[in-house]
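Everything below concerns the one structure shown next.
Residue numbers (our numbering): 51 to 856.
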């Protein structure tokens, strides 16, 4: 080497000529070949990494497609079926009423129907059926139904909602028994076909089957010559209140009994709250999944770089540039990203189909299975971009490795043994040598091992958060049914006297019967459910959050549910205006009760409770009711069903409808089960990332410490000894990650509950102590299972091959 002044003059030995075009092409071909080899040399690791990317992309594609397709389906349903803006119960209204209502300036369309509750013997059980009498099936103007199979019914026919097939097996041409009409006699009708009823949720969740018959048959059952239901479509929904007053004047002028209208909320559809909760959770987990996928790619790329350090040194020694090294590992990441994204698009499309089908069946609407272009585009962009971004740091690190360090790497950092953690681990004198060596190995690559422990911690926390959320939602559902101390509910197609409770209580097996009333109302421009309750009720156990329950001495005092109070900022002592029936009335808030409207399809913001006598005066129904809560001596399902059968037989002439509380509870649990499926599906994604993190870390340990394995082999270490070292190392990371996950799981679970509480209802957060044990077991199992592959690889490594490794 010579120096000329301050300029470096390389000798012939150090001179490297500028590469020719042919040499550059060879280098690029070599980069692609090496990138391909780096991806597939460890097929299991690459498969799991690609699977992690695919899971994140699939979740994103599925949820974007589902949310957009459901919204589009709802818009299409409202347009295609012309759903009613106002729905009224009336009694024996003549057909001429339609012309009078159409003459009102804001009324676009009117449909008159005859409807009644009945019983149908299906699948060996008497099931509740809502019979709807239609004048002309070929010319339905409002709340149109969508014929799916078969034909419209004749006099002896019946058209069933297609969701009945989720409840029991039925077929076209099958004869079924309907109990309805005068004396509640049995009638045999033949199934003519199946139709979708988009304005009602699935029978699987509501325990109510929808059926359609000719209107003359429904009138015959009701014993009237007119109609009892009016459906109205408005020209301008904003003028609904004024139009409702105009409609009320028409009813009063004609002397037609009527109830307060059910007003469609255009911003909410049946089951929207439950769907919003699921979408929120999946969006949340999709975000977590993409972040985890990024860490997973980064971890895998770091492993590939570490395994190829010596090759990087050779490439640089032969003239390879930093740009070429950087390009090499970005190509590796691109292969991962494109492969994972492609699989994610396929998985997201299939998952979207399943989620759409399930959601569409629950909401009883037809949905499109065509993937959302926005979802697919977002999946491609995010999948590839996240992968490349996550690989930048490892690729840059690879490009910066000096040749000497690359050719002389032994898997130990230059500061190994100097830190306080290293010194503490060296003092593990009471621990057997092999486990002690395994634990000390954690200090050799601190950053890598800390990242792996973080993977396990996040996976454990996600599992615990999912479990606590499921338990919390389940507790909220069961708490509701503990508040309602009734074993069943009985209602009648026509109002009866409130004193009828004594007759029901005389039925053998009935211990308590109470008259209740309810209707839809508006509070501070929010839809709510107004309940008229006996202040001294024994079938309702109010769980007061603040204030007091209803009082006989306070007829204008009201109690509101906590969800309504939170939504509208209502406090004890406030005055609220309740709009129900023909007018409005002010009430002062006596208390706030914890009682949630949790059922699928609920559109209300909460509940308002007032004394039953006040309710009757407000609605103009003094002394009349049609709804009763009952308590029975034997609350078992068989005991409840026996009492309800006796009530049905005793009062067949009143056409009673009955519902057992245990069936309501089962329906609510089916709704929450879908939420649990989503939670655990997303948790698998995070657990996958944790397992791949452990696998990568221990695989690198085997690669970097092959010489040490050779030395251990040479001095007599057996296969079992080597397996013990790596399983102990993985198990230690599992215990540390599990401990961190347990600490992180509580706030994460609380965040999940509060996150979905924003769209559902108040949920008491549960984090029982046994979750700690399940978290430790999960983390330890995850780490040990992921450690098996590297441990067995170390055990199979011959001493001669290990000692010759360079």
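For each residue, glycine too, the CB sits at the ideal point set by N, CA and C. If you're wondering where the values come from, they're calculated on a predicted model, not measured in any experiment.
Quiz prompt | the region 386 to 406 / the region 94 to 108 touching (three or more Cβ pairs under 8 Å) | solution = yes
Self-check item: Delimiting residues of the alpha helix (DSSP H) encompassing residue 601
Solution: From DSSP, residue 601 is part of no alpha helix (DSSP H); its letter is neither H nor E.
Quiz prompt | Helix, strand or coil at residue 816 according to DSSP, with G and I counted as helix | solution = coil
Quiz item: By Cβ distance, which residues of its chain are closer than 6 Å to residue 712, with the 5 residues on each side in sequence left out?
Solution: 687
Quiz item: With a CB to CB cut of under 6 Å and the five nearest residues on each side skipped, what residues in its chain are close to residue 704?
Solution: 542
Quiz item: In terms of residue numbering, what span does the beta strand (DSSP E) encompassing residue 46 cover?
Solution: For residue 46 there is no data in the structure shown, the boundaries of the chain being 51 and 856.
Self-check item: Cα-Cα separation, residue 651 to residue 248
Solution: The predicted position of residue 651 is uncertain, since its pLDDT is 42 and thus under 50; a value taken from the coordinates is nonetheless stated next. In a straight line, the C-alpha of residue 651 is about 11 Å away from that of residue 248.
Practice problem: Determine the DSSP secondary structure at residue 423, reduced to helix, strand or coil. | Solution: helix
Quiz item: If we count the other Cβ atoms within 10 Å of its Cβ and call it buried at 16 or more, is residue 205 buried or exposed?
Solution: exposed
Quiz item: Using the beta-carbon count (16 or more within 10 Å), is residue 460 buried or exposed?
Solution: Residue confidence for residue 460 is low, a pLDDT of 47 falling below 50, so the modelled location carries little weight; the figure read from the coordinates is stated next. Per the 10 Å Cβ criterion, exposed.
Quiz item: Sorted by chain position, which residues of the same chain lie with C-beta nearer than 6 Å to residue 826's C-beta, five sequence neighbours on each side aside?
Solution: 788
Practice problem: Mind checking which residues open and close the beta strand (DSSP E) that includes residue 259? | Solution: 259 to 264
Exercise. Measure the C-alpha to C-alpha separation of residue 220 and residue 538 and round it to an integer number of angstroms.
Key: 27 Å
Exercise. Tell me, please, whether the region 431 to 447 touches the region 399 to 407 by the rule of three or more beta-carbon pairs shorter than 8 Å.
Key: no
Practice problem: Check the DSSP bridge columns for residue 175 and list the partner residues they point to. | Solution: 172
Self-check item: Whole-angstrom distance between residue 104 and residue 422, CA atom to CA atom
Solution: 17 Å
Quiz item: Should residue 818 go down as buried or exposed, given a rule of 16 or more other Cβ atoms within 10 Å for buried?
Solution: exposed
Practice problem: Check the DSSP bridge columns for residue 571 and list the partner residues they point to. | Solution: 578
Practice problem: Would you mind sorting residue 571 into buried or exposed? The rule is 16 or more other CB atoms within 10 Å of its CB. | Solution: buried
Quiz item: How do the region 275 to 292 and the region 208 to 218 stand: do at least 3 beta-carbon pairs fall below 8 Å, yes or no?
Solution: no
Practice problem: Drop a sphere of 10 angstroms on the beta-carbon of residue 683, count the other beta-carbons inside from all chains shown, and report buried for 16 or more, exposed for fewer. | Solution: exposed
Quiz item: In terms of residues, what are the limits of the alpha helix (DSSP H) holding residue 677?
Solution: Premise fails: residue 677 lies in the beta strand (DSSP E), 674 to 682, not in any alpha helix (DSSP H).
Quiz item: Is there contact between the region 655 to 673 and the region 144 to 164, where contact requires at least three CB pairs shorter than 8 Å?
Solution: no
Quiz item: What's the gap between the Cα of residue 341 and the Cα of residue 842?
Solution: 31 Å
Self-check item: Buried versus exposed call for residue 814 [16 or more other C-beta atoms within 10 Å across all chains shown]
Solution: exposed
Quiz item: Is it true that the region 546 to 566 meets the region 618 to 629, where meeting means three or more beta-carbon pairs spaced less than 8 Å apart?
Solution: no
Quiz prompt | Helix, strand or coil at residue 714 according to DSSP, with G and I counted as helix | solution = helix
Practice problem: Go through its chain and collect everything with a Cβ distance to residue 800's Cβ below 7 Å, but skip five positions before and after it. | Solution: 815
Quiz item: Can you tell which of 443, 634, 593 has its C-alpha closest to the C-alpha of residue 606?
Solution: 634
Exercise. State buried or exposed for residue 625, treating a residue as buried only when at least 16 other CB atoms are found within 10 Å of its CB.
Key: exposed
Quiz item: Does the distance from the CB of residue 407 to the CB of residue 346 come in under 9 Å?
Solution: no
Self-check item: Whole-angstrom distance between residue 623 and residue 629, CA atom to CA atom
Solution: 19 Å
Quiz prompt | Alpha-carbon spacing of residue 794 relative to residue 831, whole angstroms | solution = 19 Å
Self-check item: Check whether residue 163 and residue 265 have beta carbons under 9 Å apart
Solution: yes
Practice problem: Alpha carbon to alpha carbon, how far is residue 87 from residue 93? Give it in angstroms, no decimals. | Solution: 10 Å
Practice problem: Take residue 195 and list the residues in its own chain whose beta-carbon comes closer than 6 Å to its own, dropping the five residues that flank it on each side. | Solution: 245, 247
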